[in-house]
Amino acid sequence: HIFKTNKMKKSINKNLILSLGLAFSLGSFTNNAKAQCSAVGNGTSGGVFCLRTDTVNDLLYVGGGFIKSGTDSMNNCGSWNNAAYSSMGMSGAFGTNDTVLCCTMFHGNLYVGGIFLKAGGVIVNGVAMWDGSMWHAVGNGFDVSVHSLAVYNDSLYAGGDFLNSGSTPTLHIAKWNGTQWKQVAGGINDDVDAMYVWNNALYISGDFTQAGTITANHICKWNDTLYSKLGSGMTYSMGGMLPMVHAMYAYNGSLYAGGMFDQAGGASMNNLAKWNGSTWLSVGNVGASMGSDIVSSLCVYAGQLYVGGGFSLCGTLPVSNIGVWNGTTWSTIGTGMNGTIHAMSVYHNKLYIGGIFNIAAGTSADNIASYPTVVGISQLSNFNTQITVY
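Every number in the numbering used here is 9 more than the matching position in the sequence shown, counting from 1.
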């Protein structure tokens, strides 16, 4: 339309802004209420326990306890290129011979950890490197499973159940020096389940109560020289229960930690808490206490924190194994998942969710699904430059 006067133009623009605001509000509400996930190809024949985005090669790596995707052999790990899966290895020697639990990128290559002994037919003992075409051992590997891998200060760290790498003691945490694995400052006294880099430090969590010489209840910080504790860490209010911290992620200036516990820093908090650098704060309980529920994966997507695991409540909101925290309130994705969530990662502007399920927000999806943001228009900027709509 051609506007005849500025007065008419301003009037119509005001109405347009109001209409667009109302339309977008209603659109967001409607899409949230009907939120759905999409299947990722044929999915996997077993659980997905780790996901890692490779931005250089534009791939999503998928690891877990599965043999196939559809009729294609995978053997516990593979890559997704936004259209199809690819196996990792030579014909007859794909993937690993047992479950993959974690993976990370380091110096342009993919490193995977788990409970396997071989990768592509090569003896690797729980940790292996994939260079894009072949599998390689990483030193002597470990005597027991690897649960977590992380890169900190340009070094590769491994955490898990293990006690040794070959004949070298590596109590539950080790650092790769390019030729062998070395213990980190006296090690940790029990399983390491997760590691996460935040504010120039490596945060470590799991089943342990001591790191090096300090008491650290299930979570601690490593600054490349010393361990330090995060307050009094996580505990259970009743004796005999073993707390665990399985996942960490930074969001809105705080470090969020999830697992199985009912106290953080001595205050009541079920299974999820945030550390602001000096104290633990509540996010609103996730699930019940007493070890019946668990938070096992965290990821930030589209400005919100996605919380996955095995639970049926976020605050007072009924959910099914997934919750969405915007810093103030809880929401969820449609009807959620009908099984436990173990991993999440962002790839091609979608949230990928892995675990043990076959229904994802009302859609059939075998153990892996993707979830987009509310679909809208990309950009309109010809409204007299007074507004730009995304």
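Cβ atoms here follow ideal geometry from the backbone N, Cα and C, with glycine treated the same way.
Asked: Helix, strand or coil for ILE9? Go by DSSP, reduced to three states.; Found: No answer is possible for residue 9: the residues shown for the chain start at 10 and end at 399.
Asked: Report all residues from its chain with a CB closer than 6 Å to the CB of LYS184; omit the five preceding and five following residues, and keep chain order.; Found: SER164, TYR166, LYS191 and VAL193
Asked: Quick one: which unbroken beta strand (DSSP E) runs of 3-plus residues sit fully inside the segment 91–157? Chain order, please.; Found: 109–115, 118–123, 136–139 and 144–146
Asked: For ASN3, count neighbouring Cβ atoms within 10 angstroms of its own Cβ and tell me buried if that reaches 16, exposed if not.; Found: Within the shown structure, residues of the chain are numbered from 10 to 399, placing residue 3 beyond reach of any answer.
Asked: If you compare alpha carbons, which of LYS283, GLY318, GLY262 and LEU60 is closest to ASP302?; Found: GLY318
Asked: Are there 16 or more other CB atoms within 10 angstroms of the CB of MET99, so buried, or fewer, so exposed?; Found: exposed
Asked: Quick check on DSSP: helix, strand or coil for ASP163?; Found: coil
Asked: Grouping DSSP H, G and I as helix and E and B as strand, with all else coil, what is LEU235?; Found: coil
Asked: Do CYS229 and the ligand GTP come close, with the Cβ less than 8 Å from some heavy atom?; Found: Here there are no bound small molecules, and the ligand GTP is not part of this structure.
Asked: Put CYS86 into one of helix, strand or coil per three-state DSSP.; Found: strand
Asked: Determine the contact status of VAL355 and VAL309, defining contact as a CB-CB distance below 9 Å.; Found: yes
Asked: So what does PRO178 bridge to, in DSSP terms?; Found: ASN173
Asked: The beta strand (DSSP E) spanning SER291 covers which residue range?; Found: 289–291
Asked: Tell me the DSSP secondary structure of CYS8 in three-state form.; Found: With the chain covering 10 to 399 only, the question about residue 8 has no answer from this structure.
Asked: Taking the beta carbon of ILE182 as the centre, do at least 16 other beta carbons fall within 10 Å, making it buried, or is it exposed?; Found: buried
Asked: If distances are taken between C-alpha atoms only, which option among GLY363, ILE368 and GLY312 comes closest to ARG61?; Found: GLY363
Asked: Which class does TYR356 belong to by DSSP, given the choice of helix, strand or coil?; Found: strand
Asked: Taking DSSP's pairing of strands, which residues face TYR70 in a bridge?; Found: ARG61 and SER88
Asked: Check whether the segment 71–87 and the segment 42–56 touch, using three or more Cβ-Cβ pairs below 8 Å as the test.; Found: yes
Asked: Could you tell me the alpha carbon to alpha carbon distance between ILE124 and ASP271, rounded to whole angstroms?; Found: 29 Å
Asked: For the beta strand (DSSP E) holding ILE331, just list the boundary residues, first then last.; Found: 331–334
Asked: According to DSSP, is TYR380 helix, strand or coil?; Found: strand
Asked: Please classify MET247 as buried or exposed, where buried requires at least 16 neighbouring CB atoms within 10 angstroms.; Found: exposed
Asked: Rounded to whole angstroms, what is the Cα-Cα separation between TYR380 and ILE342?; Found: 9 Å
Asked: Per DSSP, what kind of secondary structure is ILE342 in: helix, strand or coil?; Found: coil
Asked: What's the gap between the Cα of VAL136 and the Cα of GLY332?; Found: 32 Å
Asked: Considering Cα atoms alone, identify which of ALA210, MET353 and ASN294 is closest to VAL160.; Found: ALA210
Asked: Among GLY150, LEU119 and ASP152, which one has its Cα closest to the Cα of TRP139?; Found: LEU119
Asked: Using only CA atoms, which one of ALA256, THR288 and GLY274 lies nearest to VAL316?; Found: ALA256
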